[in-house]
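Counted from 1, the sequence shown has number 203 at position 203 by UniProt numbering; the numbering is strictly sequential.
Virtual Cβ for every residue (Gly too), placed ideally from N, Cα, C.
Below is one structure; the comments refer to it alone.
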Amino acid sequence: SRREGSVDRLVRSAREFGAFRVSYHGISSEELRSLVRESGRVFGVLEGRDTGFRRSVVGNRDEIVWVRSWKERMEWAREYIGPERYRCFSEEMENVADKLEGIARKLGQIMVENSRRQTDKRIQRGESVLSVYRYNHENVTEQSPPLPKEKTEEMLRYTLSLHLPAKNCEFRVNSGKGPLSFHADPDTILVTFGRQLEEWSSGEFKCRQGEIIYHPDAYGSPTSFS
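Okay, structure coming up:
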C-alpha cells in the first residue's frame with residue numbers, strides 16, 4: 001500500500017534502523033510452498049557434491065544462487081539436475097523473482113521520493129540476484145569463521161536486500177543502535193539497505209546486514225528455507 005501513513009512509517013524505520021517490514025506483499029503461501037518444494041528437490045540432487053551451483057554460506061545454511069545472465073551456468077545446471085526438474089525449479093524461481101523485483105522497484109522509488117537529498121543523480125541499478133537458502137537445524141551449533149572485510153564489503157554492493165522467510169522466524173539486524181530483532185513470517189518481507197543506497201543518500205539510509213534466524217525447537221522438520 002502507498003497510503004501516506006504506511007509510507008511515513010516505512011521511511012521512519014528506514015532512517016532509524018536501516019531496515020523495515022513489508023506485509024501483504026502479494027506472494028501467496030502456495031507460491032512460496034511450491035518454490036520450497038522444488039528447491040528441496042534440487043538441494044537433494046546436489047547434496048554432497050561440489051558442483052559450483054550449490055555452496056555453503058555458514059555452518060548450518062546452504063545456498064542456491066539464481067542470476068539470469070549466467071547462461072552457461074544455467075545450461076550446465078539444467079544438464080546436471082535434469083531437464084524436467086530444472087524446468088519445474090526455474091518456473092517457480094522466475095515467478096517469485098519477478099514479484100520480488102517488482103516490489104524492490106516500488107520500494108526503491110519510495111526511498112528516492114522521500115529522501116531528504118534532492119538530486120537528479122540516479123541510483124545505478126545492478127542485476128538482481130535471487131538466493132534460496134536451506135537451513136539445517138541439526139547443525140545450529142556450527143560456526144564459520146568471519147569473512148574478511150574485503151569480502152564483506154563486496155557482498156554489500158547492492159541497493160536493496162529483500163528477505164522472504166518460508167516459516168515464522170526472527171530477523172536480526174545490526175542497527176546503529178545495537179542489535180535489533182523483528183518477528184517475521186511468510187506474509188512479511190524484511191528489507192535492508194546496501195552500500196549503493198547509503199552512498200546515494202549521503203548516509204540517510206544506512207547500509208545494514210540482516211539475518212533470518214530459525215529456532216529449531218519450533219519445527220518438527222530438520223530444515224527450513226528462505
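Counting along the chain, S181 sits inside the beta strand (DSSP E) bounded by residues G178 to A184. Sequence-distant Cβ neighbours of N114 in its own chain, meaning closer than 6 angstroms and more than five residues away, are V11. Between the alpha carbons of T188 and Q118 lies a gap of roughly 30 angstroms.
Counting along the chain, Y135 sits inside no alpha helix (DSSP H); it lies in the beta strand (DSSP E) bounded by residues L130 to N136. In terms of CA proximity to S161, R125 leads the group C88, R125 and C169.
Each of E91, Y24, G44 and V173 was checked against the Cα of W66, and the nearest Cα belongs to E91. DSSP lists R172 as the bridge partner or partners of E211. Residue range T188 to F193 is occupied by the beta strand (DSSP E) that includes I189, with no alpha helix (DSSP H) assigned at that position.
Taking a contact as a CB-CB distance under 8 angstroms, the pair G18 and F205 counts as one, their CB atoms being some 7 angstroms apart.
Annotated three-state conformation of E63 is strand, per DSSP.
W200 and L46 have their alpha carbons spaced roughly 39 angstroms apart. Collapsing the DSSP output to three states places S69 in coil. Straight-line measurement puts the Cα of L130 at about 13 angstroms from the Cα of F89. In the structure shown, the three-state DSSP call for A166 is coil.
Using a Cβ distance threshold of 8 angstroms, T159 and G108 count as a contacting pair. Between A97 and S69 the beta-carbon gap is near 13 angstroms, outside 8 angstroms, which marks them as no contact.
Assigned with DSSP and collapsed to three states, L10 falls in helix.
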